[in-house]
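See structure below.
In full-length UniProt numbering, the protein residues as written are 1 to 324.
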């Protein structure tokens with residue numbers, strides 16, 4: 001086991017991809033000489049050269065469009081979108097081309113493109129730097145969407161995403177970048193598109209992903225002091241969602257609370273709540289509740305603590321569930 005931050009884990013995971021896959025390359029704004037705005041790609045250009053760690057113009061549509069062309073020619077691009085709110089200029093390339101070409105070609109053309117997107121709030125940033133656009137991409141058939149919540153998952157999931165032949169949108173919770181944890185660099189964790197039970201419990205199920213997994217775990221630990229035994233499940237994959245662990249957990253606890261930073265309206269939590277209601281109706285003791293960001297544009301940094309789901313809001317939802 002090695003202790004490292006999520007930034008270091010991603011860096012080491014990318015390094016291993018570049019070593020093992022000669023056709024892989026990293027491209028994005030400032031990923032080369034600067035090492036990325038968060039230094040995730042620090043040192044990679046020095047070791048692998050400017051033809052594999054490519055500093056691109058500030059043109060997200062061009063980055064993704066170029067990556068699609070490279071993938072058609074046998075390369076395996078890993079693109080960085082510098083911040084979540086910068087992905088929208090590339091939206092047409094992502095949902096109209098990257099997601100559609102494999103299907104349009106009846107599978108003859110594969111597009112092994114990974115698009116890394118730092119996302120979420122909690123870092124005191126300005127406008128367009130703290131968004132959670134995951135539902136746009138999870139809704140798009142043809143795209144896989146995953147997100148890590150800890151260094152171990154970051155290390156292995158980036159390698160697993162890069163090893164496949166499908167387009168993958170890889171969301172990285174930027175407020176967790178400096179969180180440290182143990183990483184086993186010799187043995188892979190669970191498969192890429194599987195959910196993970198972080199904490200066992202029987203009173204209620206907390207379902208989270210990315211930056212809110214830590215919030216859910218902290219809430220469960222606080223609830224334990226009051227005699228409540230909360231189970232925590234990390235989705236990890238948002239498209240496809242690994243449903244069976246969720247169904248099994250809710251059939252055991254009878255209650256569920258879904259936690260995410262993105263607005264609640266038509267969010268990932270709404271889909272999770274709907275499917276749990278369909279599949280676990282007779283096991284539920286209360287409605288599936290959601291704790292999310294509010295249905296407003298992401299606020300100025302001085303207000304983000306009021307916007308983001310926190311321990312108190314999660315525990316309040318648990319209390320409301322137990323009142324039923």
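Don't be surprised by glycine CBs; every beta carbon is placed ideally from N, CA and C.
Hey, could you find the ends of the beta strand (DSSP E) residue i is sitting in?
{"i": "residue 335", "result": "For residue 335 there is no data in the structure shown, the boundaries of the chain being 1 and 324."}
{"i": "residue 208", "result": "204 to 208"}
{"i": "residue 147", "result": "144 to 147"}
{"i": "residue 94", "result": "Here residue 94 belongs to no beta strand (DSSP E), and DSSP marks it neither H nor E."}
{"i": "residue 238", "result": "237 to 239"}
{"i": "residue 170", "result": "168 to 173"}
{"i": "residue 110", "result": "No beta strand (DSSP E) holds residue 110; DSSP gives it neither H nor E."}
{"i": "residue 24", "result": "24 to 28"}
{"i": "residue 197", "result": "196 to 199"}
{"i": "residue 46", "result": "Where residue 46 is concerned, there is no enclosing beta strand (DSSP E), although the alpha helix (DSSP H) it sits in stretches over 44 to 48."}
{"i": "residue 55", "result": "53 to 55"}
{"i": "residue 183", "result": "180 to 183"}
Which word fits residue i, buried or exposed, when buried means at least 16 other C-beta atoms lie within 10 angstroms of its C-beta?
{"i": "residue 18", "result": "buried"}
{"i": "residue 150", "result": "buried"}
{"i": "residue 22", "result": "exposed"}
{"i": "residue 260", "result": "buried"}
{"i": "residue 385", "result": "With the chain represented from 1 up to 324, any question about residue 385 goes unanswered, as that position is not in the structure."}
{"i": "residue 77", "result": "buried"}
{"i": "residue 282", "result": "exposed"}
{"i": "residue 124", "result": "exposed"}
{"i": "residue 336", "result": "The question about residue 336 has no answer, for the chain in this structure spans 1 to 324."}
{"i": "residue 241", "result": "buried"}
{"i": "residue 9", "result": "buried"}
{"i": "residue 302", "result": "exposed"}
{"i": "residue 304", "result": "buried"}
{"i": "residue 274", "result": "exposed"}
{"i": "residue 322", "result": "exposed"}
{"i": "residue 214", "result": "buried"}
{"i": "residue 308", "result": "buried"}
Please return the same chain residues whose Cβ sits closer than 6 angstroms to the Cβ of residue i, not counting the five positions on each side in sequence.
{"i": "residue 115", "result": "79 and 169"}
{"i": "residue 219", "result": "311, 314 and 315"}
{"i": "residue 237", "result": "146 and 193"}
{"i": "residue 140", "result": "95 and 99"}
{"i": "residue 160", "result": "192"}
{"i": "residue 176", "result": "6 and 211"}
{"i": "residue 13", "result": "155, 158 and 159"}
Locate the alpha helix (DSSP H) running through residue i, then write down its first and last residues.
{"i": "residue 331", "result": "The requested residue 331 does not occur in the structure, where the chain is confined to residues 1 to 324."}
{"i": "residue 234", "result": "Looking at the DSSP string, residue 234 is not in any alpha helix (DSSP H); the run it does join, the beta strand (DSSP E), is 230 to 234."}
{"i": "residue 83", "result": "Where residue 83 is concerned, there is no enclosing alpha helix (DSSP H), given that its DSSP letter is neither H nor E."}
{"i": "residue 293", "result": "Per DSSP, residue 293 belongs to no alpha helix (DSSP H); it is in the beta strand (DSSP E), 289 to 293."}
{"i": "residue 8", "result": "6 to 20"}
{"i": "residue 242", "result": "Looking at the DSSP string, residue 242 is not in any alpha helix (DSSP H), and its letter there is neither H nor E."}
{"i": "residue 269", "result": "268 to 279"}
{"i": "residue 62", "result": "60 to 72"}
Quick test of your reading: residue i and residue j, contact by CB under 8 angstroms. State the CB separation rounded to the nearest angstrom.
{"i": "residue 276", "j": "residue 256", "result": "6 angstroms"}
{"i": "residue 120", "j": "residue 210", "result": "6 angstroms"}
{"i": "residue 200", "j": "residue 117", "result": "In fact, because the Cβ distance is near 31 angstroms, the residues do not count as touching under 8 angstroms."}
{"i": "residue 164", "j": "residue 112", "result": "6 angstroms"}
{"i": "residue 195", "j": "residue 229", "result": "With a Cβ gap of about 19 angstroms, residue 195 and residue 229 do not count as contacting."}
{"i": "residue 32", "j": "residue 51", "result": "About 10 angstroms; that fails the 8 angstroms criterion."}
{"i": "residue 25", "j": "residue 75", "result": "6 angstroms"}
{"i": "residue 270", "j": "residue 289", "result": "With a Cβ gap of about 12 angstroms, residue 270 and residue 289 do not count as contacting."}
Output needed for residue i: all residues of its chain with C-beta closer than 7 angstroms, excluding positions within five of it in sequence on either side, in chain order.
{"i": "residue 295", "result": "263, 264 and 265"}
{"i": "residue 329", "result": "Shown here, the chain extends from 1 to 324; a query on residue 329 therefore has no answer."}
{"i": "residue 189", "result": "152, 153 and 156"}
{"i": "residue 216", "result": "206, 208, 232, 259 and 314"}
{"i": "residue 89", "result": "60 and 61"}
{"i": "residue 87", "result": "60, 81, 117 and 133"}
{"i": "residue 16", "result": "159"}
{"i": "residue 245", "result": "195, 197 and 233"}
{"i": "residue 122", "result": "175, 211, 304 and 308"}
Quick one: residues in its chain with C-beta nearer than 8 angstroms to the C-beta of residue i, no 5 flanking neighbours on either side, listed in chain order?
{"i": "residue 251", "result": "280 and 283"}
So, is the C-beta of residue i closer than 8 angstroms to a C-beta in chain B?
{"i": "residue 196", "result": "Included in the structure is just one protein chain, with no chain B present."}
Check: Quick check: the stretch 100 to 113 against the stretch 124 to 132, are there 3 or more CB pairs under 8 angstroms?
Finding: no
Requested in this report: Decide yes or no for the touch test of the stretch 2 to 10 against the stretch 175 to 183: beta carbon pairs closer than 8 angstroms, at least 3 of them.
Outcome: yes
(message) Could you check whether the stretch 84 to 93 touches the stretch 55 to 68, counting it as contact only if at least three pairs of C-beta atoms, one from each stretch, sit closer than 8 angstroms?
(response) yes
- Item | At least three beta-carbon pairs within less than 8 angstroms, the stretch 184 to 192 to the stretch 219 to 233 | Taking 8 angstroms as the limit for Cβ pairs, the verdict is that the stretch 219 to 233 does not touch the stretch 184 to 192.
Stretch pair the stretch 65 to 74 + the stretch 36 to 50: three plus CB contacts closer than 8 angstroms: no
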